[in-house]
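In the numbering used here, the protein residues as written are 47 to 161. Okay, so here's the structure we're looking at.
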């Protein structure tokens, strides 16, 4: 599966504004991010947020977070664990069918983990 193509399909199927696959330390692997956005800053901050959630969960001894959802006035951001080494991020318009989007993200993640 072509990762870049899969990310672009998210834009057309789910009106995703930005999406990326990144390492857990923020290294960009693939992205479909609007022009003018510094992709490295975006991915590093997403990795930092998931890292903070992982630390909080670890302190509570409740297991590792699988999905993080951040809401703003008009958008929702989903950060999803993609195995031990990677994350996937998608930012969509508020009201997106989150279940369908997460299912699609997991399909892409399965491909990433298989490579």
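Just so it is clear, CB atoms sit at the ideal spot from N, CA and C, and this is done for glycine as well. All values derive from a computational prediction rather than experimental measurement.
A contact is defined here as three or more CB-CB pairs under 8 Å, and the region 52-63 meets this definition with respect to the region 136-154.
Contact holds between the region 61-75 and the region 121-134, because three or more Cβ pairs, one in each stretch, are under 8 Å apart. Taking a contact to require three or more Cβ pairs closer than 8 Å, the region 113-125 and the region 144-151 qualify as touching.
Non-local beta-carbon contacts of residue 76 in its own chain, meaning distances under 8 Å to residues more than five positions away in sequence, involve 49, 50, 53, 66, 67 in chain order.
Residue 135 sits close to residue 92, with the two beta carbons spaced by under 8 Å. Counting along the chain, no alpha helix (DSSP H) covers residue 61, and no H or E run does either. Cα atoms of residue 158 and residue 86: separation of roughly 19 Å, rounded to the nearest angstrom. A distance below 6 Å between beta-carbons, with the five flanking residues on each side excluded, links residue 137 to the following residues of its chain, in chain order: 63, 64, 121, 123.
Annotation: the continuous beta strand (DSSP E) that includes residue 122 extends over 121-128.
Put simply, the backbone Cα of residue 114 is about 15 Å away from that of residue 90. DSSP, read as helix, strand or coil, puts residue 83 in coil.
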